[in-house]
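Undergrad: Shown below is the structure under consideration.
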Amino acid sequence: MAEQDQQKANKAEKKDKQFATKLIHFGAEIDEHTGASSVPIYQASTFHHHDIFNPPDYDYSRSGNPTRQALEDYIALLEGGERGFAFSSGMAAISTTFLLLSSGDHVIVTEDVYGGTYRLLTSILDRLGIESTFVDMTRFEEVKAALKPNTKAVFMETPSNPTLKITDIAEVTAWAKQHDLLTMLDNTFMTPYHQRPIELGVDIVLHSATKFLGGHSDVLAGLAVAANESLGRRLKQLQNGLGTVLGAQESWLLIRGMKTLQARMEHSEKSARKLAAWLSRLDGVERVYYPGLEDHPGRDIHEKQSLGYGAVVSFDVGDGDRAKAVLSRVKLPIVAVSLGAVESILSYPAMMSHAAMPREVRHERGITDGLLRYSVGLEDIDDLIADLEQALRQ
């Protein structure tokens with residue numbers, strides 16, 4: 222009992238620290254056995270039972286691994302949740318979480334959600350009898366109107382990918398609790414540095430940790446955080462049963478990347494704000510999407526629930542031919558799928574992140590053939606702007 226009380230006291234003490242301190246001092250930063258200043262990589266598939274009648278904490282790495290456990294405790298601390306879980310990819314985290322639902326259930330979803338989530342819902346989960354309704358969550362009346370007798374969950378993405386629409390998290394979660402609905406939120410763009418949805422009533426927070434949390438384009442990973450122990454037990458059962466776990470090496474890489482999250486996010490956001498302002502004044506750019514712009518329709522709501530605007534700027538250059546010309550002429554950002562890295566990444570949603578959406582569905586959601594998504598990295602912003610200017614000018 223005394224040991225449990227001490228563990229609770231240590232957990233409470235860590236929660237009281239400022240975010241920058243939590244990133245470095247998260248509970249496993251020093252190995253208790255050797256004093257090593259890095260979490261050991263337990264590259265083991267199985268663990269010896271010294272006493273068969275008293276099983277050890279770890280017995281098989283699918284069920285639990287000390288390196289992965291350090292990461293899972295780390296993200297739970299940062300998000301302010303009860304339990305964290307690490308998965309082999311962001312989609313593995315999302316897919317596993319959706320399997321909390323059963324055949325015959327219905328979920329309300331942000332309409333311009335990430336293309337992989339859209340594909341999961343419309344081509345896999347629908348075959349299992351899980352029904353989805355996509356709504357513009359900037360219009361709360363649409364969320365309420367989508368409620369059905371079999372509705373069991375609400376899935377939010379705010380800012381949305383790639384048009385950066387803003388959902389009022391507290392408003393939706395308060396309504397969802399009135400109807401006993403599970404709430405899930407993809408927090409990939411904001412990370413827990415800028416936005417902590419559990420504090421606003423969300424039940425499960427999800428991340429493609431491949432992006433800003435990892436930050437170096439060298440690890441594929443997903444994370445989920447449960448707000449309470451009951452949900453945590455259910456997610457643990459799914460993670461173990463499906464085997465969608467993150468390996469020890471990838472867990473260690475992700476821990477290493479997360480330690481610099483605040484420094485990276487601050488630098489990239491400062492640059493993104495400058496890039497968005499420059500693009501909004503530019504002839505030939507039809508529209509710029511960034512919640513930090515004064516004319517962004519969701520700015521007031523975003524500022525109420527987030528501490529920053531993020532590092533992703535989307536902009537529409539008018540048509541597909543011009544978009545492809547820009548992609549072929551830029552020299553500094555890599556043209557690639559993904560975002561949130563130390564290097565800037567320029568993406569073409571119509572053929573990359575949202576290629577799974579039919580063209581007419583994409584266009585209904587504002588994901589046009591001329592839309593580009595710029596994830597701002599750590600390069601000098603003046604160099605990035607000069608490079609993009611020459612690409613647009615040509």
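Residues in the sequence shown are numbered consecutively from 222, following the numbering used here.
Beta carbons: idealized from backbone N, C-alpha and C, even for Gly.
Would you mind reading off the limits of the alpha helix (DSSP H) that contains G453?
TA: 450 to 463
Undergrad: Using 10 angstroms around the beta-carbon of I254, count the other beta-carbons present and answer buried if the total reaches 16, otherwise exposed.
TA: Inspection of the sequence shows that residue 254 is occupied by His rather than by Ile. Here H254 is exposed: its Cβ has fewer than 16 other Cβ atoms, across all protein chains shown, within 10 Å.
Undergrad: Quick one: is Q416 buried, meaning 16 or more other Cβ sit within 10 Å of its Cβ, or exposed?
TA: buried
Undergrad: Just the C-alpha distance for G248 and L299, rounded to the nearest angstrom, thanks.
TA: 12 Å
Undergrad: Under the DSSP definition of a beta bridge, which residues are partnered with E352?
TA: H327
Undergrad: In this structure, how does DSSP classify M405 when only helix, strand and coil are distinguished?
TA: For M405, the secondary structure class from DSSP, reduced to helix, strand or coil, is strand.
Undergrad: To the nearest angstrom, how far is it from the Cα of L341 to the Cα of F274?
TA: 43 Å
Undergrad: Assign A532 to one of three DSSP states: helix, strand, or coil.
TA: coil
Undergrad: Can you give the beta carbon distance from S549 to Y335, rounded, assuming they're within the 8 Å contact cut?
TA: Not really, about 25 Å apart at Cβ, beyond 8 Å.
Undergrad: Quick one, which of E507, E610, V551, L613 has its alpha-carbon nearest T589's?
TA: E507
Undergrad: Which residues does DSSP pair with A374 in a beta bridge?
TA: V328, L403
Undergrad: Determine the extent of the beta strand (DSSP E) in which A447 is found, giving its start and end residues.
TA: 443 to 447
Undergrad: Where P512 and I387 are concerned, what is the direct C-alpha to C-alpha distance, given to the nearest angstrom?
TA: Rounded to the nearest angstrom, the two C-alpha atoms are 8 Å apart.
Undergrad: Who pairs with G305 in a beta bridge, going by DSSP?
TA: V446
Undergrad: Per the DSSP calculation, I566 is bridged to which residue(s)?
TA: Bridge partners of I566: I555, S596.
Undergrad: Go ahead and pull the three-state DSSP assignment for V509.
TA: It is a strand residue.
Undergrad: Count the other CB atoms, across all protein chains shown, that sit within 10 Å of the CB of E332; report buried if there are 16 or more and exposed otherwise.
TA: buried
Undergrad: Please name the residue in G519, D272, A374, D601 whose C-alpha comes closest to that of E352.
TA: A374
Undergrad: Measuring alpha carbon to alpha carbon, tell me which residue in A442, E487, R454 is nearest E471.
TA: A442
Undergrad: According to the neighbour-count rule (16 or more other Cβ atoms, all chains shown, within 10 Å of its Cβ), is I329 buried or exposed?
TA: Label assigned to I329: buried.
Undergrad: Using 8 Å as the cut-off, can you tell me whether the stretch 510 to 525 makes contact with the stretch 398 to 408, which would need three or more C-beta pairs spanning the two stretches below that distance?
TA: no
Undergrad: Among the candidates Y281, Q239, D237, whose CA atom is the shortest distance from the CA of N461?
TA: Y281
Undergrad: Looking at the structure shown, is L514 part of a helix, part of a strand, or coil, going by DSSP?
TA: coil
Undergrad: Relative to the C-alpha of N382, which residue among A314, V533, I315, L292 is closest?
TA: When each option's Cα is compared against that of N382, the closest is V533.
Undergrad: Tell me, please, whether the CB atom of K525 is closer than 9 Å to any CB atom in chain D?
TA: The displayed structure is made up of one protein chain only, and chain D is not part of it.
Undergrad: Under three-state DSSP, which class holds I522?
TA: helix
Undergrad: Using 8 Å as the Cβ pair cut-off and three pairs as the minimum, do the stretch 467 to 485 and the stretch 255 to 267 touch?
TA: yes
Undergrad: Hey, could you find the ends of the beta strand (DSSP E) I425 is sitting in?
TA: 425 to 429
Undergrad: Can you give the beta carbon distance from F306 to L444, rounded, assuming they're within the 8 Å contact cut?
TA: 7 Å
Undergrad: Where does T379 sit, in a helix, a strand or coil, going by DSSP?
TA: coil
Undergrad: What span of residues does the alpha helix (DSSP H) with F361 cover, start to end?
TA: 361 to 366
Undergrad: Nearest by alpha-carbon distance to R454: which of A607, M358, G561, L321 is it?
TA: L321
Undergrad: Spatial neighbours of Q264 within its chain, please: CB distance less than 8 Å, with the 5 preceding and 5 following residues excluded, ordered by chain position.
TA: A469, Q470
Undergrad: Checking the sheet assignment: what are the DSSP bridge partners for Y281?
TA: T267
Undergrad: Count the other CB atoms, across all protein chains shown, that sit within 10 Å of the CB of E610; report buried if there are 16 or more and exposed otherwise.
TA: exposed
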